[in-house]
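Note sheet for the following structure.
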Amino acid sequence: MFDMSCHDLPPIFEDNLSSISELLHKYLNYSNSVLDTDDDDEVSVVDTVKADICDFLELYTFKYDADFSQYCKPFITSTWSLVSSIGSQTKYDTLVSKSLHFLAAVAATREHSELFNSEEVLTEIVEKVILPNVALRESDIEMFEDEPIEYIRRDLEGSDSGSRRRSATDFLRSLQEKFESLVTACVSRYITHYLNQGKSDWKAKDTAVYLFLSIAAKGAVTQAQGVKTVNPLVNVVDFFERHIASDLVNGDGIEPIAKVDAIKFLYTFRSQLSKDQWKVAIGPLIQNLNSTNYVVYTYAAIAVERVLYLTDDAGNAMFPRADIEPFAKDLLTHLFKLIERETSAPKLQENEFLMRCVMRILIVIKDGAGPWLDTILTHLILITNVMKSNPSNPRFYYYHFEALGALVRYCAATHAAAINQKLWDPAHQILVEDVTEFIPYIFQILAQLLESSPADSVSDNYRALLGPLLQPTLWETRGNIPACTRLLSALIPRVAKTIVAENHLEAVLGIFQRLLNGKKSELNAFDVLEAVINSFEPSALDPYFDTILTLIFTKLQGSPADSFKIRFVRFFHLVGGRLEAGYGTDYFVKHSDKVDEKVFAQVYPPFILQETDKLARPVDRKAAVVSLTKTLCDSQVFAQKFAKGWGNTCRILLTLLANPPSAAAGVGDEIITENSPDDIGFGLTFTALNTCKPAARDDFPEVQNVTTWVKEYMVGANQRHGGAVEGFISQRLTPELQEAIAQYIR
């Protein structure tokens, strides 16, 4: 019934909702001692059915309240009675959780929420439902001690949505959304009571802190900022200073769970603290990395990492590089020590939170890691060599390679030789051993290393990579394609002479063709092709350019995606703008005519002209300005054959110049945001390393001020061609366009 009702209310259910409700209510109240279980962990058939009924009730309350509301009241009474009287054994957890989810749904409705709108009712709810279900149980303590990483994941990532604690919190917050003052006042009395008890009973204090978290936080805890909106009737910072800070600072005699409560409080409300308040808190937080308790030091790492990621409303880091660099070395040393205490591959990878903290520190300090580069690389390579025998935690090794990528990104410009020497053997060994989970990461890191290194520092190792990289088998795995493309595109400019000398150009273009034929890889094809155009003389490409255009034109004749059209336009402007290298628009037209004399005229207006203004990145818009300007000024084909096309080209150029692109904009930024943990998984899918994200390539860096360049180029071209450009303007443009272009020709 639940599955059949997920999308729409089936007519047969709607017509018989009264009978269905009677039947469900009967079994919600049903009991049979014969079917009860003796084991505290074994769920009975009756309780499973009741939990499923509560699932159904929650769905109908949220989705079909208009139809179901009239039948709801008996279920509210029965569910309330159920959760008020049920035992604390683990076997009842699912039933209690789903019962509370239903009550939370009821509290959110307009019609039934008033049932809870009294201090007496709310007090009874807190005493009989909330408190018993948020109190720490023995099973929670056992998980904390025996399965610490599972405890952390359940608590941190919301996988405890079926737990009593989380469900009770959801119910309380649902009530608070309706009756904020009443709920806050009621719960606050119990918080005070448990804080007083907590002076001698740490479990009571844990309950108090959890209750405060439940009523203080409004909305979800976001990955980036924690809780952004808080209950205005409570003071988060004051509560921390009066009741929690001592647990964070003190070492001896503090229960580990109390320590975790203090750290989690900071983690949850991190965006509510000012920079000055954080300056006081960050030291004790870091000190907790020295704890011998697994959950404590892991939570400390989690909180430190998130604080280093924290920004203000203007996007400025709460703790920039200058604040972190003085103690970054000690932080990294201790984190590596914690990670490397495990020697087996699965255990070493178990705690991704520690590696995420390593990654964040390296991203924040940038090239400040240079003085300790050798030590950091030694640790990361050691971890790589342990992991590769059994890559078991995709999140861990993703953060690990982001950390390695950060070192390369920020330190290769000044330490290229050292990184190459240290990194090559382990990277090569991963390729030799075919560690499929790591190969895409290795290719991205090698590409970043190539691009970040001085042009004269390319070793023979990279030249040796060219042959294997051109083997078709490597490109058969879909997950390899983006990373292989990234590396090949970075490698081509550095080894162009080798490619020509060893006759590899045809194989490179074979990779381009292979990528172009795939719907999901067609954009990667242009990455390779643009690298080729930027790296080889036209004479080297002459034998192949007709075929390249045939392949592209064939794709354009179908129903190309907008992204494909944009990449084609970028490719045309790259060719058109590289006139001094021997390319240019006439080169493009010459080879187009070899394919079909009519094809250029069929492609230019609907694709190149129409799509050019859709180019979004400043570097692409600048390339278009350069290309179109050189077409107007120096193309013999447009001068002699395409008079109308000349006028339309000028119109598009003026459109671009109305909002000229900045020379520096769009070349890349330094905001590094790692992938969501939910997007990282097993399998052959590709995960991009954001520390190795390629910068937007500027193909015309010599053009700084676009408007000034256009004027200088047009004036010079007009002189070179004996006033021909001015003649075209007067003959081929409307008076309005003549007036608009006049400022660029005089």
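First residue of the sequence shown? That's 1 in UniProt numbering, and the numbers climb one at a time after it. Note that CB positions come from ideal geometry on N, CA and C, so glycine has one too.
(request) Tell me whether alanine 664 sits in a helix, a strand or coil according to DSSP, three-state version. (result) For alanine 664, the predicted structure reports a pLDDT of 47, less than 50, and the residue's modelled location is therefore unreliable. A value from the coordinates is still provided. Alanine 664 falls in the coil class under three-state DSSP.
(request) Below 7 Å CB to CB, which residues in the same chain sit around alanine 717 once its five sequence neighbours on both sides are set aside? (result) Cys633, Asp634, Val725
(request) Starting from the N-terminal side, write out each stretch of the alpha helix (DSSP H) that is 4 residues or longer and does not extend beyond the stretch 623-661. (result) 636-640, 643-657
(request) On the DSSP bridge assignment, give the partners of alanine 717 in chain order. (result) Paired residue(s): none; alanine 717 is not in a bridge.
(request) Compute the distance between the beta-carbons of phenylalanine 526 and phenylalanine 588, then report whether it is under 8 Å. (result) no
(request) List in chain order: all unbroken alpha helix (DSSP H) runs of 4+ residues lying wholly within the stretch 18-88. (result) 45-63, 65-68, 73-85
(message) Using only the alpha-carbon positions, how far apart do tryptophan 202 and valine 34 sit?
(response) 40 Å
(message) Quick check on DSSP: helix, strand or coil for glycine 226?
(response) strand
(message) Can you tell me which residues form a DSSP beta bridge with lysine 218?
(response) Thr229
(request) Given a cut-off of 8 Å, decide if glutamine 272 and isoleucine 215 are closer than it, judged by their beta-carbon atoms. (result) no
(message) To the nearest angstrom, how far is the alpha carbon of valine 706 from that of isoleucine 244?
(response) 58 Å
(request) Mind reading off the beta-carbon distance from glutamine 513 to leucine 551? Whole number of angstroms is fine, and I expect it under 8 Å. (result) 6 Å
(message) Please report the distance separating the alpha-carbon of threonine 61 from that of serine 69.
(response) 7 Å
(message) Check whether the stretch 368-376 and the stretch 646-656 touch, using three or more Cβ-Cβ pairs below 8 Å as the test.
(response) no
(request) Between the Cα of aspartate 593 and those of Ile263, Leu549, Ile76, Phe269, spot the shortest distance and give me the residue it belongs to. (result) Leu549
(message) Quick check: the Cα distance between arginine 242 and tyrosine 151, rounded to an integer number of angstroms?
(response) 27 Å
(request) Sort Phe686, Thr554, Asn690, Asp155 by Cα distance to valine 295 and report the nearest one. (result) Asp155
(message) Within the continuous alpha helix (DSSP H) that includes lysine 329, where are the two ends?
(response) 321-340
(request) Please report how far the alpha carbon of glutamate 402 lies from the alpha carbon of leucine 266, in whole angstroms. (result) 26 Å
(message) Within a Cβ cutoff of 7 Å, which residues of the same chain sit near glycine 666, ignoring the five residues on either side of it in sequence?
(response) Unreliable positioning characterises glycine 666 in this predicted model, as indicated by a pLDDT of 40, which lies under 50. The coordinate reading is nonetheless provided below. So the list reads Arg617, Pro618, Val619, Ala696, once near-sequence residues are dropped.
(message) Using a Cβ-Cβ cutoff of less than 8 Å, which residues in the same chain neighbour cysteine 186 once the five nearest sequence positions on both sides are dropped?
(response) Glu119, Leu122, Thr123, Val126
(request) Give, in chain order, every unbroken run of the alpha helix (DSSP H) that is at least 4 residues long and sits entirely within the stretch 479-566. (result) 481-494, 496-501, 505-517, 522-535, 538-557
(request) May I have the straight-line CA-CA distance separating isoleucine 381 from leucine 423, to the nearest angstrom? (result) 8 Å
(request) Provide the residue span of the alpha helix (DSSP H) that contains isoleucine 244, from first to last. (result) That residue, isoleucine 244, is in no alpha helix (DSSP H); it is neither H nor E in DSSP.
(message) Please give the ranges of any alpha helix (DSSP H) in the stretch 361-445, keeping only runs that are unbroken, at least 4 residues long and fully inside the region.
(response) 373-387, 394-432
(request) Please go through the same chain and pick out, in chain order, the residues whose beta-carbon is closer than 7 Å to the beta-carbon of phenylalanine 545, but skip the five residues on each side of it. (result) His591
(request) Provide the residue span of the alpha helix (DSSP H) that contains tyrosine 587, from first to last. (result) 585-595
(message) Pull the bridge partners of alanine 317 from the DSSP assignment, please.
(response) Thr311
(message) Would glutamate 537 and alanine 490 qualify as a contact pair, given that the criterion is a beta-carbon distance under 8 Å?
(response) no
(request) Examine the Cβ distances between the stretch 385-396 and the stretch 404-411 and report whether three or more of them are shorter than 8 Å. (result) no
(request) Would you identify the three-state DSSP class for valine 703, choosing helix, strand or coil? (result) coil
(request) Along the alpha helix (DSSP H) that carries aspartate 3, what are the first and last residues, could you check? (result) 2-5
(request) Kindly indicate which three-state DSSP category aspartate 669 falls into: helix, strand or coil? (result) Note that aspartate 669 scores a pLDDT of 35, beneath 50, so its modelled location is shaky and nothing firm can be said.
(request) State the Cα-Cα distance for the pair aspartate 41 and serine 139, rounded to the nearest angstrom. (result) 11 Å
(request) Identify whether proline 284 lies in helix, strand or coil by the three-state DSSP scheme. (result) helix
(message) Buried or exposed, going by whether 16 or more other CB atoms sit within 10 Å of the CB of methionine 4?
(response) exposed
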